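*Asks:* Residue numbers (the working numbering): 10 to 103. Don't be surprised by glycine CBs; every beta carbon is placed ideally from N, CA and C. All figures in this text were calculated on a predicted structure; none of them were measured in a lab.
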Amino acid sequence: SPFIQIEWQAPTEKGGLEILGYLVSMSVNSGPWQLAFDGSVRPEILEFKFQELQAGALYSFKVWARNELGYSATASPTLELYAATYPFKMDKLE
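1) Just checking my contact of Ala-45 with Phe-59 at CB under 8 Å: how many whole Å lie between their CB atoms?
2) Check the C-beta distance from Asp-47 over to Leu-32 and give it rounded, since I have them as a contact under 8 Å.
3) Sort Ala-84, Glu-77, Leu-55 and Ala-66 by Cα distance to Ala-93 and report the nearest one.
4) Going by alpha carbons, who is nearest to Ser-69 out of Ala-82, Leu-88 and Thr-83?
5) Taking only the alpha-carbon atoms, compute the straight-line gap between Gln-63 and Leu-78 and give it to the nearest angstrom.
6) Please report the residue range of the beta strand (DSSP E) in which Lys-58 lies.
7) If we cut at 9 Å on Cβ distances, does Leu-88 have a partner in chain C?
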């Protein structure tokens, strides 16, 4: 099934506080945003693999950093993509 692995970088400005994790939200076909990944347990993880995407669907992702004061006020820029599969291989016609 189609999948995507997204990666992000730690923020350069942390306000002097340690990053405690990242939250990734996902929207499918411009629908409501939903929690896709909560990296609070392992804040050193800066990537996540989303599996079982539906071919042809539009997926949008945003990432927030979290510290002891809460989540960042602004998210990362939105990443948008359409899920696709490789086309079937066609045999040579005789």
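*Replies:* In terms of the structure at hand:
1) One-based indexing of the sequence shown puts residue 45 at position 36. One-based indexing of the sequence shown puts residue 59 at position 50. Going by Cβ atoms, the distance from Ala-45 to Phe-59 rounds to 7 Å, so yes, they are a contact pair.
2) Against the sequence shown, residue 47 aligns to sequence position 38. Against the sequence shown, residue 32 aligns to sequence position 23. Confirmed, about 6 Å.
3) Here residue 93 corresponds to residue number 84 of the sequence shown, with the count starting at 1. The residue among Ala-84, Glu-77, Leu-55 and Ala-66 with its C-alpha nearest the C-alpha of Ala-93 is Ala-66.
4) The count along the sequence shown starts at 1 and reaches residue 69 at position 60. Considering only Ala-82, Leu-88 and Thr-83, the residue with the shortest C-alpha distance to Ser-69 is Leu-88.
5) As a working note, residue 63 is residue 54 in the sequence shown. As a working note, residue 78 is residue 69 in the sequence shown. Rounded to the nearest angstrom, the two C-alpha atoms are 36 Å apart.
6) As a working mapping, residue 58 is identified with position 49 in the sequence shown. Where Lys-58 is concerned, the enclosing beta strand (DSSP E) stretches over 56-59.
7) Absence of chain C from the displayed structure is noted, only one protein chain being present.
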